[in-house]
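Below you'll find the structure, written out as structure tokens, and then a few comments.
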Amino acid sequence: MSGEQDSVAGARTKKNGAAAGNGAGHRRLVIVESPTKARKIAPYLGGGYVVESSVGHIRDLPRGAADVPAQYKGEAWARLGVDVDNGFKALYVVTPDKKSKVTELKGLLKDVDELYLATDPDREGEAIAWHLLETLKPKVPVRRMVFHEVTEQAIRAAADSTRELDADLVDAQETRRILDRLYGYEVSPVLWKKVMPKLSAGRVQSVATRIVVERERERMRFTSASYWDISATMDAGEEASPRNFPARLVAVDGARLATGRDFGSDGQLKASNTEVRVLAEADARRLAEALKQRDFKVASVEEKPYTRKPYAPFMTSTLQQEAGRKMRFTSERTMRIAQKLYENGYITYMRTDSTTLSESAISAARSQATQLYGKEYVSPSPRQYTRKVKNAQEAHEAIRPSGEVFRTPGQVAGELDTDEFRLYEMIWQRTIASQMADAKGTTMSVRIVGNAASGEECTFAASGRTITFAGFLKAYVEAVDTETGGEADDKQSRLPVLEKDQALTAAELSPDGHTTSPPARYSEPSLVSKLEELGIGRPSTYASIIKTIQDRGYVWKKGSALVPSWVAFAVIGLMERHFERLVDYDFTAGMEDELDRIAAGDEQRAQWLSKFYFGGDMGVDGSIGRLGGLKKLVEGSVEDIDAREINSIPLFSDENGHTVVVRVGRYGPYLEREVDGNSQRANLPEDLPPDELTQEIAEKLFATPQEGRTLGTDPVSGHEIVAKEGRFGPYVTEVLPEIEIPEDATAAQKKALKAKAPKPRTGSLFKSMDIETITLDDALKLLSLPRVVGKDPESGDEITAQNGRYGPYLKKGTDSRSLSTEDQLFSITLEEALKIYSEPKQRGRSATAKPPLKELGEDPVSKKPMVVKDGRFGPYVTDGEYNATLRKGDDIESLTAERASELLAEKRAKGPAPKRKAPARKPASTTAKTVKAGTTKKAAAAKTTTAKRSGSTATKAK
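Structure below.
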């Protein structure tokens, strides 16, 4: 195809590959997505195979107008890249960076007898295989080769058991791609017009953003409630073991005491809990005093056997959740590491909805568990974990160590880096544990009563758990979400042997106060869990969804918590009011089911897309199709959307009854309220989470004048000097008199006059300065910059001291030298400046090192110390090898070693920045002539030349 567009939607007759014989001397081209995978499987296949990678997708819908081929530019549907009036045929183009790869693969095809498409074993892999087929247009037989682990046995078995391309899977993936294009290209422009340019909407990303926004709204509406109880340390006597144990007051005179779960988000008792008693602080302190030196007795003892079954092996979503909880990995980081482990033959395919294990895997896990822990720790019979999988095509097997005999973490430790090892070890442990015996133990619940000196009967409760047989817990214990009050499965709390009516004493009684907390913000693991619970998206896409909503600026991180931006509030508000079904949880989950019907061959792609886009009889009542289709929904809503209303987010009323709102403007969000008919505004700090914007903070922000704090008058110019808060930090500036513009001036003349008008001097505050305390003298010093230090006696060039974006520096012509402190801007002499210029210019790591702002300990990957430093682009964390700039929401004081390690891991994954290359010379024209030569000898030479020029990485198996 030589990089030109394919025919619209392409001829799909080749979706089913033709079979061919496997005679001796046959040469086969095997195409996989990844160069790593290509290098790994080539030796397994033998000399009759050439293995090459496509390096992912080779073509896609046009990314912009420039990608649309000339013959389609005049078409009404060209912007979409989908011919909606002709069966929703897609216009696919080879991406510019893959044109050379396509040429290389076509060249390799000329020398082989068969083509094996060995892309990933899921829906996306099937679609990549189809795109390769449509683009390369092979004249040799084509086979689909599928494997779920990169081991010699699996690869050889896959090569011997090929199949045809699955048209239904391709249809399903193509439908999703077209659906997402229609959704994004129709809805996103509405956001540009009504909220802010460059925003985007997406079928799953918008719903994921809504989930995060909804949680923040809950937190903003939340009213805390307080309640008290009494914690006690009970003494069971000298013979008891343990002698002392904890208990807590749960009832007074038979009335149950209120706990956190009895209160609603409004801070009031729930309607169903009117009979509980809320213990006040005074009552708690009085009762604690009245119970001192009183006798207690055991009112009841209830003991039950405890059994805990093993966890199922990992699938994509649970792997992401557990890696997030246990190792603080982001979903993206988890999947990136898992991809490397899979491609290098350590684990099975990592995108799966299944928890089942093959018979050989079960046998391997049971055998290894027996060797490591003993026969008594292995389940009496093999365990198989089944679950209802919506998307059966991606449900081949759980994520487990590859091979029929699992390598232990110790055996692979020397081959993996730290992150890879930790993830492999967790997968190995979970797989082994899944075939082990149940954990067993006992739980005990005790009620203790005592009468206070004031007459009240007080009931205390104590509970304990003892594990008598660890079972699978010997191999693996799942991490818990501590923010939601989770408790580890291996945690034990022993109680002494107690009997009914046994006498006890209280060694200690302490009144305890509690306040209810708002629901915790979502973290990446908990958001993945919520998406899976709602049936939104597919686990294989969760990592990219979470990354997208952060990259788009809808969500940012505060520690591990996901915080929505005010822009997200405006966007979701618009979607909820005008495109409610598009962000409805049930509707989005139902759409996944409909798309799965296409994958199963029960629904026709073009008909379904037509009903969704233009309207039709599809889905449940109120679905997009039954409402007239996406196109009608968008076109009919745009004019009804009040941009000011959408971008106004009401918060609360101040003490005078004025409504305080957040406005989302084109330069960012700000506070606003109407006072006596006048609008009062205040800037909003970018790193202030919405639920922390209280009335007190709002009043403080309003108290900071928008016009700035007047510092005085410049004695030289007579201009007023003010200090202001800006988007990029505090600064000082002068107030210039307004220029006179003739009343009859045209718009162009007014614009020209304003452009010629003098610009006010400005200066950013030093880091040591504060906008509340800066003086006129300080401001005038800042406005005096750049300061002329003097002239270089040799060159005659003027040397100036300037305060730039990256800190203080000297400038002489085009030669700049950094200064170590801001104070030097005003104090450095010509002699000192000349000395700096006399020394060799220092760059990068050779420059004078500043002391670190914070030390964070050793990085688990590089084993080097991590420190936070102040750099040209702001604070960053470094291990001496990689530097990672701190993100929005990362605070130096609260930055943890885990977060620093995560930032470095993301930077490390991107690799070093590419070096600039000199412009390549045009290749000699003789090569083209050689290609056209007719003899076999010349043709062979041409292929060799072309392969060398294109940098082919084809791996020939030996």
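All the letters of the sequence shown, read from the start, carry residue numbers 109 to 1066 under the numbering used here.
The beta-carbon is built from N, C-alpha and C at its ideal position, and this holds for glycine as well.
As the structure is a computational prediction, the values presented were derived from the model and not from experiment.
| query | result |
| --- | --- |
| Give the single residue among 781, 176 and 809 whose Cα lies nearest to the Cα of residue 793. | 809 |
| Which runs of the alpha helix (DSSP H), 4 residues or longer, sit entirely within the stretch 857-920? | 884-891 |
| Of the residues 298, 305 and 270, which one's Cα is nearest the Cα of residue 252? | 270 |
| Which whole-angstrom value is the C-beta distance of residue 441 and residue 1013, which I expect to be below 8 Å? | 6 Å |
| For residue 631, I'd like the list of residues in its chain whose CB is within less than 7 Å of its CB, leaving aside the five on either flank, ordered along the chain. | 432, 668, 669 and 670 |
| DSSP three-state label for residue 788, please. | strand |
| Nearest to residue 722 by CA position, among 885, 530, 415 and 195, is which residue? | 195 |
| I need the DSSP call for residue 186, collapsed to helix, strand or coil. | coil |
| Counting only runs of 4+ residues fully inside the stretch 727-765, write out the alpha helix (DSSP H) ranges in chain order. | 738-745 and 751-754 |
| Applying the 10 Å Cβ sphere with the 16-neighbour rule, what's the burial state of residue 764? | exposed |
| Alpha carbon to alpha carbon, how far is residue 167 from residue 1025? Give it in angstroms, no decimals. | Unreliable positioning characterises residue 1025 in this predicted model, as indicated by a pLDDT of 49, which lies under 50. The coordinate reading is nonetheless provided below. Those two C-alpha atoms are separated by around 26 Å. |
| Between the alpha carbons of residue 105 and residue 358, how many angstroms are there, rounded? | The requested residue 105 does not occur in the structure, where the chain is confined to residues 109 to 1066. |
| Just verifying my parser: in three-state terms, what is the DSSP assignment at residue 527? | helix |
| Is residue 429 close to chain B? Criterion is C-beta to C-beta, closer than 8 Å. | As a matter of chain content, chain B is missing from the structure shown, which is built from one protein chain. |
| To the nearest whole angstrom, what separates the beta carbons of residue 485 and residue 477, a pair I think is in contact under 8 Å? | 6 Å |
| Less than 8 Å between the beta carbons of residue 337 and residue 387, yes or no? | yes |
| Assuming contact is defined by CB atoms lying nearer than 8 Å, are residue 1002 and residue 987 in contact in what I supplied? | no |
| Output the boundary residues of the alpha helix (DSSP H) element that contains residue 808. | 803-811 |
| In angstroms with no decimal places, state the Cα-to-Cα distance between residue 744 and residue 288. | 20 Å |
| How long is the line joining the alpha carbons of residue 816 and residue 768, rounded to whole angstroms? | 21 Å |
| Helix or strand or just coil, what does DSSP make of residue 194? | coil |
| Tell me, to the nearest whole angstrom, how far the beta carbon of residue 89 is from that of residue 230; I am working on the premise that it is less than 8 Å. | A query on residue 89 cannot be resolved here, the shown segment of the chain reaching from 109 to 1066 and no further. |
| Give the secondary structure of residue 686 by DSSP, where H, G and I count as helix, E and B as strand, and everything else as coil. | helix |
| For residue 232, which residues from the same chain have a beta carbon less than 7 Å from its beta carbon, with the 5 sequence-adjacent residues on both sides left out? | 281 |
| With H, G and I counted as helix, E and B as strand and the rest as coil, what does DSSP make of residue 168? | strand |
| Is residue 839 near residue 871, with beta carbons less than 8 Å apart? | yes |
| What do you get for residue 786, buried or exposed, if any count of 16 or more other CB atoms within 10 angstroms of its CB means buried? | exposed |
| Where residue 142 and residue 162 are concerned, what is the direct C-alpha to C-alpha distance, given to the nearest angstrom? | 7 Å |
| According to DSSP, what are the bridge partners of residue 831? | 817 and 840 |
| Determine the closest residue to residue 858 out of 866, 867 and 848, with distance taken between C-alpha atoms. | 848 |
| Looking at the structure shown, is residue 356 part of a helix, part of a strand, or coil, going by DSSP? | strand |
| So is residue 514 buried or exposed if we call it buried at 16+ other beta carbons inside 10 Å? | buried |
| Pairs of beta-carbons, one from the stretch 143-159 and one from the stretch 260-280, closer than 8 Å: are there three or more? | yes |
| Since residue 602 and residue 408 are thought to touch, with beta carbons under 8 Å apart, how far apart are those beta carbons, to the nearest angstrom? | Rounded, the Cβ-Cβ distance is 19 Å, inconsistent with contact. |
| Does the Cβ of residue 896 have 16 or more other Cβ atoms within 10 Å, making it buried, or fewer, making it exposed? | exposed |
| Quick check on residue 427: does DSSP put it in helix, strand or coil? | helix |
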